[in-house]
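The structure appears right after this line, and notes come after that.
Laid out in structure tokens, this is it:
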């Protein structure tokens with residue numbers, strides 16, 4: 051059933067009512083936690099900076115967003131009767147890699163094997179799947195062509211991993227996208243889930259939802275989920291933690307007040323993942339993911355926060371606001387010359403969406 055303007059209006063009214071309720075809780079100053087860790091009073095403008103506090107007059111942004119998003123989603127789903135779609139079995143069927151001369155590539159699942167199971171099974175942490183999601187923007191193409199060959203060469207962890215890519219570019223870009231992936235991951239087992247073009251955020255949610263419900267991660271001990279523009283600069287902490295049997299997840303916290311788990315990069319045991327963590331409705335992905343692993347991972351301390359990766363601003367990006375050499379995981383829309391090798395005759399400046407990050411030191 052299609053959404054109607056009436057349904058959306060009712061959901062919006064519910065969200066507004068919840069917001070007003072929070073503002074009228076009592077007469078004490080209420081501090082609103084923003085992503086940068088500053089707390090500004092909604093009534094007086096007074097700021098409260100510092101470490102997390104148990105003061106009941108401080109309400110975490112994450113808690114408010116989570117409650118409002120959940121209530122609005124549940125109301126809208128009841129009104130509309132939203133149901134997740136299932137994936138066509140024909141699309142899930144595995145096909146051989148498209149021939150070089152093939153220009154029109156249909157939706158489907160394509161696979162090419164180069165290594166046997168023994169070669170991709172590490173004695174310390176088992177089998178690892180690198181799960182990449184991309185709509186293959188020009189920026190993603192640049193990172194895959196100019197950065198990822200060096201990222202793979204520097205990382206023993208990634209060299210042993212199988213690679214799966216959830217790919218949803220435009221039809222006219224499928225051939226180029228498949229060629230880029232085949233060249234970038236030329237020495238690894240590669241599987242591509244080629245799907246219809248989708249909006250950026252919707253595609254990212256669907257990628258995880260389909261992976262979990264269709265068992266993409268079956269047979270793997272760990273899954274590393276990331277976007278092509280997220281760089282693993284240093285994998286030492288990841289490898290050390292993955293070898294610890296008590297650890298179920300390696301995460302990045304996007305909130306300096308409370309907990310909001312980053313979804314553009316995480317390392318996790320697939321057994322703890324739930325399709326409910328990535329709803330196909332409009333809920334914030336980080337909030338739903340955080341809630342889904344709250345009991346199984348966060349509450350029992352079976353996770354590790356990846357050091358020096360939490361953003362220092364309100365943008366939920368790994369290493370945001372930190373120097374490039376400080377953070378082991380970096381999500382920035384700029385090609386750092388130490389990692390990315392761009393041919394001298396190619397000008398990529400017009401393709402970059404961000405300027406050189408102010409926190410980054412200039413390359414030597």
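Numbering (the numbering used here), first residue to last: 51 to 414.
Glycine included, every Cβ here is placed at the ideal spot set by N, Cα and C.
Being a predicted model, the structure only gives us computed values, none of them experimental.
Since residue 281 sits in a beta bridge, which residues does DSSP pair it with? What you label residue 281 is simply residue 231 of the chain shown in a count that begins at 1. DSSP, once it has assigned bridges, lists 380 as partnering residue 281.
Is residue 197 near residue 302, with beta carbons less than 8 Å apart? Numbered from 1 along the chain shown, position 147 holds the residue referred to as residue 197. Numbered from 1 along the chain shown, position 252 holds the residue referred to as residue 302. Contact flag unset, no.
Between which two residues does the beta strand (DSSP E) harbouring residue 272 extend? Translated into the one-based positions of the chain shown, residue 272 becomes position 222. Annotation: the continuous beta strand (DSSP E) that includes residue 272 extends over 272-276.
Put residue 161 into one of helix, strand or coil per three-state DSSP. Counting from 1 along the chain shown, the entry for residue 161 is found at position 111. In the structure shown, residue 161 sits in a strand (DSSP, three-state: E or B).
Give a yes or no on whether the minimum CB-CB distance between residue 284 and chain C is below 8 Å. Reference to chain C is not applicable here, since this structure consists of a single protein chain.
Exposure label - residue 308; buried when at least 16 CB within 10 Å: Looking up residue 308 in the chain shown gives position 258. A buried status is given to residue 308, since no fewer than 16 other beta-carbon atoms sit within 10 Å of its beta-carbon.
Selected residue, minimal CA-CA separation from residue 344, among 323, 391 and 361: As a first step, residue 344 is located in the chain shown; it is residue number 294 there, counting from the start. The shortest Cα separation from residue 344 among 323, 391 and 361 belongs to 323.
Helix, strand or coil for residue 247 per DSSP? Numbered from its first residue, the chain shown carries residue 247 at position 197. Correct three-state label for residue 247: coil.
Which residues in the same chain have their Cβ closer than 8 Å to the Cβ of residue 304, if we skip the five residues on either side of it in sequence? Your numbering for residue 304 matches position 254 in the chain shown. In the same chain as residue 304, and ignoring 5 residues on each side of it, the C-beta atoms closer than 8 Å to its own belong to 85, 310, 311, 312, 336, 360, 361 and 366, in chain order.
Does residue 365 come out as helix, strand or coil in the three-state DSSP assignment? Here residue 365 refers to the residue found at position 315 when the chain shown is read from its first residue. Of the three classes helix, strand and coil, the one that applies to residue 365 here is coil, per DSSP.
Restricting to Cα atoms, I'd like to know which of 371, 395, 364 and 408 is closest to residue 358. Indexing the chain shown from 1 puts residue 358 at position 308. Looking at the Cα atoms, 371 is the closest of the given residues.
Are there 16 or more other CB atoms within 10 angstroms of the CB of residue 174, so buried, or fewer, so exposed? Position 124 of the chain shown, counting from 1, holds the residue named residue 174. So residue 174 counts as exposed.
Tell me, which residues are paired with residue 146 by DSSP? The residue given as residue 146 occupies position 96 in the chain shown. Paired residue(s): 161.
Roughly how many angstroms lie between the CA atoms of residue 136 and residue 214, to the nearest whole one? Within the chain shown, residue 136 is the residue found at index 86, counting from 1. Within the chain shown, residue 214 is the residue found at index 164, counting from 1. With a pLDDT of 48 at residue 136, under the threshold of 50, the modelled position of this residue cannot be trusted; read the value that follows with caution. Whole-angstrom Cα-Cα distance: 20 Å.
By Cβ distance below 6 Å, which residues in the same chain neighbour residue 386 in space, the five residues on each side in sequence not counted? Position 336 of the chain shown, counting from 1, holds the residue named residue 386. Short of 6 Å from the beta carbon of residue 386, and not among the five residues preceding or following it, lie these beta carbons of its own chain, in chain order: 374.
Starting from residue 190, follow the beta strand (DSSP E) in both directions and report where the run begins and ends. Residue mapping note: residue 190 aligns to position 140 of the chain shown, counting from 1. That residue, residue 190, is in no beta strand (DSSP E); its alpha helix (DSSP H) goes 188-192.
Going by the CB atoms, is the gap between residue 267 and residue 179 shorter than 8 Å? Looking up residue 179 in the chain shown gives position 129. Looking up residue 267 in the chain shown gives position 217. For residue 179 and residue 267, yes; Cβs fall inside 8 Å.
Reducing DSSP to helix, strand and coil, say where residue 396 ends up. Reading the chain shown from its first residue, position 346 is the one you call residue 396. Residue 396: coil per DSSP, three-state reduction.
Same chain, Cβ closer than 6 Å to residue 234, neighbours up to 5 away in sequence not counted: Residue 234 sits at position 184 when you count from the first residue of the chain shown. If the five residues before and after residue 234 are omitted, its C-beta is found closer than 6 Å to the C-beta atoms of 194 and 198, all from its own chain and listed in chain order.
For residue 198, report the span of its alpha helix (DSSP H) as first-last. The residue labelled residue 198 in the question sits at position 148 within the chain shown. Run containing residue 198: 198-204, per the alpha helix (DSSP H) assignment.
Would you mind stating whether residue 291 and residue 354 have Cβ atoms separated by less than 8 Å? What you label residue 291 is simply residue 241 of the chain shown in a count that begins at 1. What you label residue 354 is simply residue 304 of the chain shown in a count that begins at 1. Yes.
Other residues of its chain near residue 328: CB distance less than 6 Å, five sequence neighbours each side excluded: Translated into positions along the chain shown, residue 328 becomes position 278. Counting only Cβ-Cβ distances below 6 Å, and skipping sequence neighbours, we find 255, 258 and 259.
Per DSSP, cross-strand counterpart(s) of residue 231: To locate residue 231, count along the chain shown from 1; it is residue 181. Beta-bridge pairing links residue 231 to no other residue.
Would you check whether the ligand PLP has a heavy atom nearer than 7 Å to the C-beta of residue 359? Among the ligands in the structure shown, none appear at all, so the ligand PLP cannot be discussed.
CA-CA distance, residue 421 and residue 159? Nothing can be reported for residue 421, as the shown portion of the chain is limited to 51 through 414.
Helix, strand or coil at residue 354 [DSSP, three-state]: Position 304 of the chain shown, counted from the start, is the residue given in the question as residue 354. If DSSP states are grouped into helix, strand and coil, residue 354 belongs with the strands.
Reference residue 402; option with closest CA among 162, 190 and 141: Start at 1 with the first residue of the chain shown, and residue 402 comes out as number 352. Selected option, being the one with the closest Cα: 190.
Quick check on residue 73: does DSSP put it in helix, strand or coil? Taking the first residue of the chain shown as position 1, residue 73 is located at position 23. Reliability fails at residue 73, whose pLDDT of 37 lies under 50, so the model's placement of it is uncertain and the value that follows must be treated cautiously. In the structure shown, the three-state DSSP call for residue 73 is helix.
Which term fits residue 192, buried or exposed, when burial requires 16 or more other beta carbons within 10 angstroms of its beta carbon? What you label residue 192 is simply residue 142 of the chain shown in a count that begins at 1. Buried, by the Cβ-count rule.
Just curious, the beta strand (DSSP E) that residue 183 is in, first and last residue? For this step, residue 183 is matched to residue 133 along the chain shown. 176-184 is the span of the beta strand (DSSP E), which, as asked, contains residue 183.
Please classify residue 343: does DSSP put it in a helix, a strand, or coil? By one-based count along the chain shown, residue 343 stands at place 293. Correct three-state label for residue 343: coil.
Should residue 383 and residue 369 be called a contact, given that it needs their Cβ atoms to be closer than 8 Å? Here the question's residue 383 lines up with position 333 in the chain shown. Here the question's residue 369 lines up with position 319 in the chain shown. Not in contact: residue 383 and residue 369 (Cβ atoms no closer than 8 Å).
Which residues does DSSP list as the beta-bridge partners of residue 259? Residue 259 sits at position 209 when you count from the first residue of the chain shown. The partner list for residue 259 (beta bridge, DSSP) is empty, contrary to what the question assumes.
Where does residue 322 sit, in a helix, a strand or coil, going by DSSP? Against the chain shown, residue 322 aligns to sequence position 272. Residue 322 sits in a helix when the DSSP states are folded into three classes.
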